[in-house]
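Asks: Supplied in structure tokens, the structure appears directly below.
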Amino acid sequence: MERHITLPLTEELARTLHAGDTVYLTGTVYTSRDAGHKRMCEALARGETLPFDPKDATIYYVGPSPAKPGQVIGSAGPTTSGRMDAYAPTMMSVGARGMIGKGARLPEVVEAMKKYSGVYFGAIGGAGALLSKRIKEAELIAYEDLGAEALRRLYVEEMPLVVVIDCEGNDLYETGRAAYLKQREEK
Amino acid sequence: MTVREIQAGTITDVVERLCIEANERLPEDVKGAIRACRACEDWPVAQDVLDKIVENYEIAEAQEVPVCQDTGMACVFLEIGQDAHIAGGDLREAVDEGVRRGYDKGYLRKSIVKDPLRRGNTGDNTPAMLYTEIVPGEQIKVTVAPKGFGSENMSAIRMFKPSAGLQGIKDFILETVETAGPNPCPPMVVGVGIGGTFDKAALLAKKALLRPLDARNPDPFYADLEREMLEKINRLGIGPQGFGGRTTALGLNVETMPTHIAGMPCAINISCHVTRHKTEVI
Numbered sequence: 001m002e003r004h005i006t007l008p009l010t011e012e013l014a015r016t017l018h019a020g021d022t023v024y025l026t027g028t029v030y031t032s033r034d035a036g037h038k039r040m041c042e043a044l045a046r047g048e049t050l051p052f053d054p055k056d057a058t059i060y061y062v063g064p065s066p067a068k069p070g071q072v073i074g075s076a077g078p079t080t081s082g083r084m085d086a087y088a089p090t091m092m093s094v095g096a097r098g099m100i101g102k103g104a105r106l107p108e109v110v111e112a113m114k115k116y117s118g119v120y121f122g123a124i125g126g127a128g129a130l131l132s133k134r135i136k137e138a139e140l141i142a143y144e145d146l147g148a149e150a151l152r153r154l155y156v157e158e159m160p161l162v163v164v165i166d167c168e169g170n171d172l173y174e175t176g177r178a179a180y181l182k183q184r185e186e187k
Numbered sequence: 001m002t003v004r005e006i007q008a009g010t011i012t013d014v015v016e017r018l019c020i021e022a023n024e025r026l027p028e029d030v031k032g033a034i035r036a037c038r039a040c041e042d043w044p045v046a047q048d049v050l051d052k053i054v055e056n057y058e059i060a061e062a063q064e065v066p067v068c069q070d071t072g073m074a075c076v077f078l079e080i081g082q083d084a085h086i087a088g089g090d091l092r093e094a095v096d097e098g099v100r101r102g103y104d105k106g107y108l109r110k111s112i113v114k115d116p117l118r119r120g121n122t123g124d125n126t127p128a129m130l131y132t133e134i135v136p137g138e139q140i141k142v143t144v145a146p147k148g149f150g151s152e153n154m155s156a157i158r159m160f161k162p163s164a165g166l167q168g169i170k171d172f173i174l175e176t177v178e179t180a181g182p183n184p185c186p187p188m189v190v191g192v193g194i195g196g197t198f199d200k201a202a203l204l205a206k207k208a209l210l211r212p213l214d215a216r217n218p219d220p221f222y223a224d225l226e227r228e229m230l231e232k233i234n235r236l237g238i239g240p241q242g243f244g245g246r247t248t249a250l251g252l253n254v255e256t257m258p259t260h261i262a263g264m265p266c267a268i269n270i271s272c273h274v275t276r277h278k279t280e281v282i
């Protein structure tokens, strides 16, 4: 099913998304990857607040290349999500709901997604030039010293994604492959 | 006998240029493999992903931006003619300076940390992963292959007993691709190195990624292995991005060398649809 959705990702909206849906996403997302997640989770452990309001927020796992003069952002495709598995349940526990990345997630992340109605979107890994064209605004908001890993607020328009894991725990990496193989057998 | 003098600064200039060009333009053979796979892909989701992958490299080329934001670790291969003399500077520094300038001027991402455990970005994408080989002649062949780590992380090496035989290698290839699954941004490119020592096998696997995807191993035995394993990988159903489909790998190259009577090392270097490399001869 093809969906055009606007953020924030409320629980109500999250519940209408299903693994395999093609989604064109519009709204504000926050970028963070390994080092940024580590810092955010350490801040939460100390009882501090995050550099952005996590409620219903969507985090894009990306470390963009630098913007050339006149560009909003450089190449900006997803990084491998599995490296954020250690932090994702904590982020969901404070309200973050959407994750954009690529690659498999651990069962504990899927469990947290079921508990907190999280949604895991896949962007096309390696399609950084294409995805950068859907990013209309980019602003550095924290952890500037981390360079490509700094926290940024992005405004994206019609960003092409696929729901990989929905809040019921359905996983396109399993179902998509199984459906393809079944169809091939039946040929 | 004459010795040809090559200035270190020339090597710097070439490395700088190749870092930028390799990151903005995919090699023709990789583009050709993506288009060929799109033509025989029959799964709609997979077709859509492959169309976007084509659109992506076209945008990168037209607008001179990196194909992928992970502009990689700069793997630099130098084949240095034994009759060439490098003058006017230190070779290692000349290569690193080329990387430093290329990643700065090309607006490429700096992805290197100075210590594997204590981390800390070096800020200029150095050092290069530098490999030098002394060859006949008086030229220097420079190849820059920026390597992303989403796929690098899914690579594997194993020291087989010789009794494991061809079947052991085949199983290992499929197992490695299966374990990689959706993580290395499939469709992947698979580099297989067999033989040598522990370290040489890994280097062979990396060099296998530099060979054009449409050029089979000159040894018919290994050419057959390449064809067979590519076909088997493309029957796994992982598909582009792991969403299901035929196109799990664009190509598979095998490189081999002699090894010890007691061993059969095998390394598998996984790469992605953004398999980049560019060569220039000085």
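Line by line, the protein sequences give chains A and B.
Mapping of the first sequence onto the numbering used here: position 134 corresponds to residue 134, and the numbering continues sequentially without gaps.
Mapping of the second sequence onto the numbering used here: position 13 corresponds to residue 13, and the numbering continues sequentially without gaps.
Glycine residues also receive a C-beta, built at the ideal position from the N, C-alpha and C atoms.
All values reported here derive from a predicted model rather than from experimental measurement.
Just to confirm my understanding: we take I11(B), look at its own chain, exclude 5 residues before and 5 after, and list those with CB closer than 6 Å. What are they?
Replies: A94
Asks: Does V288(B) come within less than 8 Å of chain A when only Cβ atoms are used?
Replies: Given a span of 1 to 282 for chain B in the structure shown, any question on residue 288(B) remains unanswerable.
Asks: For a cutoff of 8 Å on Cβ pairs, would you count V29(A) as touching chain B?
Replies: Any Cβ of chain B closer than 8 Å to the Cβ of V29(A) would place that residue at the interface, and such an atom is absent.
Asks: So, using beta-carbon positions, are G284(B) and A46(B) closer together than 8 Å?
Replies: Outside the shown range of chain B, which is 1 to 282, sits residue 284(B), and nothing can be said about it.
Asks: Give me the chain B residues within the contact set of I124(A), using Cβ-Cβ distance strictly less than 9 Å, ordered along the chain.
Replies: Among the residues of chain B, those whose CB is under 9 Å from the CB of I124(A) are V49, K52, I53, N56, C185, P240, Q241, following chain order.
Asks: With a 10 Å radius around its C-beta and 16 neighbouring C-beta atoms as the bar for buried, classify G88(B) as buried or exposed.
Replies: exposed
Asks: Taking 8 Å as the threshold (C-beta atoms), are A123(A) and S75(A) in contact?
Replies: no
Asks: The beta strand (DSSP E) with S271(B) in it runs from where to where?
Replies: 264–271
Asks: Once you ignore the five residues that flank T126(B) on each side, which residues in its own chain have a CB closer than 7 Å to its CB?
Replies: D96, V99, R100, I112
Asks: K201(A) by DSSP, collapsed to three states: which one?
Replies: Given a span of 1 to 187 for chain A in the structure shown, any question on residue 201(A) remains unanswerable.
Asks: For the pair the region 107–121 of chain A and the region 135–149 of chain A, tell me if three or more CB-CB distances fall below 8 Å.
Replies: By the Cβ rule, the region 107–121 of chain A does not count as touching the region 135–149 of chain A, because fewer than three pairs are nearer than 8 Å.
Asks: From P64(A) to K278(B), what distance separates their C-alpha atoms?
Replies: Just so you know, the alpha carbons of P64(A) and K278(B) end up roughly 23 Å apart.
Asks: Among K133(A), Q183(A), G169(A), which has the Cα closest to the Cα of I59(B)?
Replies: The shortest CA-to-CA distance from I59(B) to any of K133(A), Q183(A), G169(A) is the one to K133(A).
Asks: R100(B) touches chain A at which residues, Cβ-Cβ below 8 Å?
Replies: Per Cβ cutoff of 8 Å: no residues; R100(B) is ~14 Å from chain A at best.
Asks: On a CA-only basis, which of Q241(B), G191(B), C19(B), L204(B) is nearest K110(B)? Give me that one, please.
Replies: C19(B)
Asks: Residues of chain B with CB closer than 7 Å to the CB of A190(A), please, in chain order.
Replies: Residue 190(A) cannot be examined here, being either before or after the span of chain A that is shown, 1 to 187.
Asks: Is the CB of N284(B) under 8 Å away from at least one CB in chain A?
Replies: Residue 284(B) cannot be examined here, being either before or after the span of chain B that is shown, 1 to 282.
Asks: Go through the region 53–116 of chain B residue by residue and report every complete run of the alpha helix (DSSP H) that reaches 4 residues or more, in order.
Replies: Correct list: 91–105.
Asks: Could you tell me which of L26(B), L78(B), H260(B) sits nearest to Q139(B), measuring between CA atoms?
Replies: L78(B)
Asks: Using 8 Å as the threshold, is the C-beta distance between G102(B) and L181(A) below it?
Replies: Not a contact, by the Cβ cut-off of 8 Å.
Asks: Determine the closest residue to R83(A) out of V192(B), P184(B), N234(B), R227(B), with distance taken between C-alpha atoms.
Replies: P184(B)
Asks: Taking the straight line between their C-alpha atoms, what separation do you get for D83(B) and L203(B)?
Replies: Each residue's alpha carbon lies about 25 Å from the other.
Asks: My output table needs one value for F121(A): the three-state DSSP class, helix, strand or coil.
Replies: strand
Asks: Of all the options A86(A), L131(A), E157(A), which has the alpha carbon lying nearest to the alpha carbon of H37(A)?
Replies: A86(A)
Asks: Would you please verify whether the beta carbon of R109(B) is less than 8 Å from any beta carbon of chain A?
Replies: yes
Asks: Excluding sequence positions up to five away, which residues of its chain have a Cβ less than 8 Å from the Cβ of L50(A)?
Replies: Result list for L50(A): M40, A43, L44, V94, in chain order.
Asks: What in chain A is Cβ-close to V65(B), meaning under 9 Å?
Replies: Simply S65, K68, Q71, G74, S75, G128, A129, S132.
Asks: Considering A145(B), what are the terminal residues of the beta strand (DSSP E) in which it resides?
Replies: 140–147
Asks: Please decide whether V45(B) counts as near chain A, where near means a Cβ-Cβ distance under 8 Å.
Replies: yes
Asks: Which residues mark the beginning and the end of the alpha helix (DSSP H) in which N23(B) is found?
Replies: 8–24
Asks: Return the residue from the list M1(A), I59(A), L7(A), L17(A) that minimises the CA-CA distance to E168(A).
Replies: L17(A)
Asks: Is there a C-beta anywhere in chain B that falls below 8 Å from the one on Y120(A)?
Replies: no
Asks: Kindly list, in the order they appear in chain A, the residues whose Cβ is closer than 8 Å to that of C272(B).
Replies: The CB of C272(B) comes closer than 8 Å to the CB of G125, G126 in chain A, given here in chain order.
Asks: Should T26(A) be flagged as near chain B, meaning a C-beta pair shorter than 8 Å?
Replies: no
Asks: For a test of the three-state rule: what should DSSP assign to I73(A), helix, strand or coil?
Replies: coil
Asks: Counting only beta-carbon separations shorter than 8 Å, does T71(B) have a partner in chain A?
Replies: yes
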